[in-house]
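**Q** Please see the structure below; I have some questions.
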Ligand code: FES
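In my numbering, the protein residues as written are 11 to 190.
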């Protein structure tokens, strides 16, 4: 019988309570990521539309988001990065799927180097002003698509954002309350 403060893993390795807490916190963080959709490939439109409805949130005048700028806003308790790239608005969750870093708090939005057969393997600067680099470990994400450049299976969800009457509006999906 193992000590109360210890847990035996299938491989026989024992870990302390602190590790249990870390595992629990990790699971909670994964749940949060699933809720935020940070690690998923689906956009709102791909989700179960029958169970969801959109809520509009006006987050400020367009003048607060000049061309080439980005900042993180709190929308209904969610941290969302809002980007103005050459007049097009994009909104992404401020949670990196890697280790939950504040991905949208990157100081700069940049481009990236790509070498392909087309350029005879000479590096070429592409996606200028469209790439976000997570400040924690440097994963790059393409803002307009949410795609992680290094890992095709990782994609940030994208929130529905638009400009209406000179106001920036984000629409969040929320799961409808279960009927009783
Ligand atoms: S948390 Fe973003 S790259 Fe690690």
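Here a beta-carbon is modelled for each residue, glycine too, at the ideal position from N, C-alpha and C.
How many Å lie between residue 143 and residue 159 at the Cα?
**A** Residue 143 sits at position 133 when you count from the first residue of the chain shown. Residue 159 sits at position 149 when you count from the first residue of the chain shown. Residue 143 and residue 159: Cα-Cα distance of roughly 10 Å.
**Q** Below 8 Å on the Cβ atoms is my guess for residue 166 versus residue 86; work out the distance and round it to an integer in Å.
**A** Along the chain shown, read from residue 1 onward, the residue named residue 166 stands at position 156. Along the chain shown, read from residue 1 onward, the residue named residue 86 stands at position 76. The pair is not a contact, with the Cβ atoms about 18 Å apart (cut-off 8 Å).
**Q** My understanding is that residue 169 touches residue 153, with C-beta atoms under 8 Å, so please give their C-beta distance in whole angstroms.
**A** In the chain shown, residue 169 corresponds to position 159, counting from 1. In the chain shown, residue 153 corresponds to position 143, counting from 1. In fact, because the Cβ distance is near 12 Å, the residues do not count as touching under 8 Å.
**Q** Taking Cβ positions, are residue 118 and residue 146 nearer each other than 8 Å?
**A** Within the chain shown, numbered from 1, the residue matching residue 118 stands at position 108. Within the chain shown, numbered from 1, the residue matching residue 146 stands at position 136. For residue 118 and residue 146, no; Cβs fall outside 8 Å.
**Q** Per DSSP, residue 64 forms a beta bridge with which residues?
**A** Looking up residue 64 in the chain shown gives position 54. In the DSSP output, where bridge partners are listed per residue, residue 64 has 183.
**Q** By how many angstroms is the C-alpha of residue 130 removed from the C-alpha of residue 99?
**A** Reading the chain shown from its first residue, position 89 is the one you call residue 99. Reading the chain shown from its first residue, position 120 is the one you call residue 130. Distance between the alpha carbons of residue 99 and residue 130 is about 34 Å.
**Q** Please identify the residue among 101, 65, 96 and 107 whose C-alpha is closest to the C-alpha of residue 77.
**A** Stepping through the chain shown from its first residue, residue 77 is reached at position 67. Residue 96 is the option with its Cα nearest to residue 77.
**Q** Is the beta carbon of residue 111 closer than 8 Å to that of residue 141?
**A** Reading the chain shown from its first residue, position 131 is the one you call residue 141. Reading the chain shown from its first residue, position 101 is the one you call residue 111. The answer is no: Cβ separation not under 8 Å.
**Q** Judging by CA-CA distance, which residue of 125, 70 and 116 is the nearest neighbour of residue 150?
**A** Along the chain shown, read from residue 1 onward, the residue named residue 150 stands at position 140. Taking only the C-alpha atoms, the option nearest residue 150 is 116.
**Q** Please name the residue, chosen from 175, 171 and 176, that lies closest to residue 67 on a Cα-to-Cα basis.
**A** As a first step, residue 67 must be located in the chain shown, where it is residue number 57. Per the Cα distances, 171.
**Q** Can you tell me the Cβ-Cβ gap for residue 178 and residue 92, rounded? I've got them flagged as a contact below 8 Å.
**A** Locating residue 178 in the chain shown gives position 168, where the first residue counts as 1. Locating residue 92 in the chain shown gives position 82, where the first residue counts as 1. The pair is a contact, with the Cβ atoms about 7 Å apart (cut-off 8 Å).
**Q** Once the 5 residues before and after residue 101 are set aside, which same chain residues still bring their CB inside 6 Å of it?
**A** Numbered from 1 along the chain shown, position 91 holds the residue referred to as residue 101. If we look at residue 101 and ignore the five residues flanking it on each side, its Cβ neighbours are 90, 92, 169, 171 and 180.
**Q** By the three-class DSSP mapping on this structure, what secondary structure does residue 128 have?
**A** Indexing the chain shown from 1 puts residue 128 at position 118. In this structure, residue 128 counts as helix in the three-state DSSP scheme.
**Q** Just mark residue 113 as buried or exposed, buried being the case when its beta carbon has 16 or more other beta carbons within 10 Å.
**A** For the purposes of this step, residue 113 is taken as residue 103 along the chain shown, with counting starting at 1. Residue 113 should be labelled buried.
**Q** Starting from the Cα of residue 138, find the closest Cα among 124, 132, 128 and 148 and give me that residue.
**A** In the chain shown, counting from the first residue as 1, residue 138 sits at position 128. Ranking 124, 132, 128 and 148 by Cα distance to residue 138 puts 124 first.
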